[in-house]
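Convert by adding 28 to the 1-based position in the sequence shown; the result is the number in my numbering.
C-beta: ideal position from N, C-alpha, C; glycine also.
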Amino acid sequence: MSGLALYDRLSKFKRLNYRGKIMVVAFLGTHIPLLAIIAAIIFSTVPDATTAWIIAAVALVATLIGTGVTLLILNGLLRPIVLTSRGLRAYRDDRALPRLPTGYRDEVGTLMADAMATLTELDDALDELANTDRVTGLPNRDRLAVALAARIEAGEPFALCTVKWANYERVAATFDQATARVLLSFVAKVLKSEVGVDAMPTRLEAGLFAFVVAGAGRENVGELMARLLGRFSEPMTHGARQIVPKVAGGVALWPDDALTADALIDAASAAVVSTGDVTGPGFAYFSPAAREAARERFLTEQELRRALAADEFRLYHQPVVDLARGRVTGTEALIRWHHPERGVIGPSAFIEIAERSGLIHPIGEWAITTAARQLAAWSGGEAQSLSVAVNLSARQFLDPNLSSVVRSALREAGDGAGHLGVEVTETAAMVDRRRTAGILSELRDLGVRVAIDDFGTGYSSMGYLKDLPFDLLKIDRSFVSGVHATPKMLAICEAVIALARGIGAGVLAEGVETEDEARKLHERGVSLFQGYYFAKPMPADDLESAISDLGLVARIMAAADLPREARRRA
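Structure, rendered in structure tokens:
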């Protein structure tokens, strides 16, 4: 920078600080010429040497006294610059805000005042940045913890409530980030309008919010939570889009559930997690059981990560029996976890956790690839004509790599590529049916058969079905169970059968557990069956040996000669 050449040279003298350099320069600059003039006058005008030396000594002492006073005053004038420098350095290193005076109006006074004002504004901005959520403008967890600590210090009971937007991550992944931010801001606006600023509405993380209810009992908190969650369940509109958030709530009470701010936040967060993947507004109060459930979910998630690396998953196959053809025509691939300590674990114990943690993507890819490899292994044996259907979750449809994963699996399947299928539940298919329809169309173009699972338990709307490409409708076991003895169930099944025929799709009854159920649906035109009556899910090797027996059962039953005793396979 121009004008700093002299300062640059003087700054190289490291043994003196800035103030010391000014003192030395001031001393030398005044004394050298002054002493030289005094000496010249004395020794040129006074003939007596003794008198000359006396006069010189007096002049020197007077000069030193004057210089000392000058340097003392100069040091005081430099003190504001030194304090400003130290204050800036202390703030930079330790964020310690200095106490610089702001009442002076000369150049150095305004330097201190401006530095103090700038640091104060900067400190406020950093504090706002550190304690405020950037998207919603709400306080964040750190600021909430400070506020809760103050309430705890005051000693008045209160409740901390949490609201979780359960499908926020799905919405954020489906739409662009700008849309997600707008929707989050909408949630924050609703929260502030419903509970008020004094309740300190806070965004804890992602789709998790919190607020404080002072001095409220369980009844009052319950009414507030029910009203708030009902408001959140209304559709949010952004442009042409309408999105209905899935919401859940949690409540923790001070001092009943926790004694510190952080522990109370954790308790309220654990309470909302205990509500599960809710399908409608609901909330839960904190309990030790809720915390333990959250702990178990976390530990299971960690074990799932280890299980993937340790290759502990297996695919079991539940046969699909075709009574019209008198043989086994396919299987549904069902995942099992072979835990080294807990034994064989079914999907109900871990799939939901895999969904929430995002592990469903690598697990799903493993299942598709493993099923394809099994088809390749069967291509030369008795099971070579079997199809294998793999279940897809709603989250897997959010994976942009799903189609490429299936393409890779088809290459793995070799000659069995034409026998790979996928199943998607009706509810999962409707999360974003436009996107789902596009992906299912891609899969069908690749030769993959598509089945709609659990039909009748979700939307069951022709308006939805007409948009979805599929080959097979599976009647849910809740309608199959007791169909031979319950006219309402039979009527529902007949409607599904007629619907499937009308749109040119096949129909399969799953969850068949008795001969009467199978016979009644067979009389109504269903030929494909799956359930414990025929066989439980089994490893691939066991299935190969059971194919002949199951085909015999199918042929006997089709001829209406099957004994009344149920024949089951482990």
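Between residue 504 and residue 473, which are expected to be in contact by the criterion C-beta below 8 Å, what is the C-beta distance as a whole number of angstroms?
-> That belief does not hold up - the Cβ atoms of residue 504 and residue 473 are roughly 28 Å apart, past 8 Å.
On the three-state DSSP scale, how would you describe residue 534?
-> strand
Confirm, please, whether the CB-CB distance from residue 281 to residue 238 is below 8 Å.
-> no
Would residue 573 be called buried (16 or more neighbouring beta carbons within 10 Å of its own) or exposed?
-> exposed
Could you give the distance in angstroms between the alpha-carbon of residue 560 and the alpha-carbon of residue 362?
-> 14 Å
With C-beta atoms as the reference, is residue 538 less than 8 Å away from residue 502?
-> yes
Is the stretch 540 to 549 touching the stretch 324 to 338 in the sense that three or more CB pairs, one from each, lie closer than 8 Å?
-> no
Pull up the distance between the alpha-carbon of residue 407 and that of residue 351, whole angstroms please.
-> 23 Å
Indicate whether residue 272 and residue 314 have their beta-carbon atoms separated by less than 8 Å.
-> no
Check each candidate in 368, 232, 549, 329 and name the one with the smallest Cα separation from residue 340.
-> 368
By a C-beta neighbour count over all protein chains shown, 10 Å radius and 16 as the cutoff for buried, is residue 516 buried or exposed?
-> exposed
Within 10 angstroms of the Cβ of residue 262, are there 16 or more other Cβ atoms? Answer buried if so, exposed if not.
-> exposed
Specify, as a first and last residue, the run of the beta strand (DSSP E) that residue 453 falls within.
-> 448 to 453
Would you check if the distance between the CB atom of residue 447 and the CB atom of residue 403 is smaller than 8 Å?
-> yes
Measuring from the CB of residue 560, is there a heavy atom of the ligand FAD at a distance below 7 Å?
-> Here there are no bound small molecules, and the ligand FAD is not part of this structure.
Under three-state DSSP, which class holds residue 578?
-> helix
Give, in chain order, every unbroken run of the beta strand (DSSP E) that is at least 3 residues long and sits entirely within the stretch 314 to 362.
-> 341 to 350
Taking 8 Å as the cut-off, decide whether the C-beta atoms of residue 140 and residue 189 are in contact.
-> no
Tell me, which residues are paired with residue 372 by DSSP?
-> 366
Cutoff 8 Å; reference residue 357; Cβ partners in own chain excluding five residues on either side = 348, 349, 350, 413, 414, 415, 556
Bridge-paired residues (DSSP) for residue 233 = 236
Give me the Cα-Cα distance between residue 306 and residue 165, rounded to the nearest whole angstrom.
-> Any reading at residue 306 must be qualified, since the residue scores a pLDDT of 41, below 50, and its modelled position is unreliable; no value is offered.
CB contact flag (residue 558, residue 580, <8 Å) = no
Report the option in 193, 331, 299, 233 whose CA atom is closest to the CA atom of residue 373.
-> 331
Could you say which of 380, 387, 146 lies nearest to residue 337 if we only look at CA atoms?
-> 387
Starting from residue 190, follow its DSSP beta bridges and name the residues at the other end.
-> 238, 278
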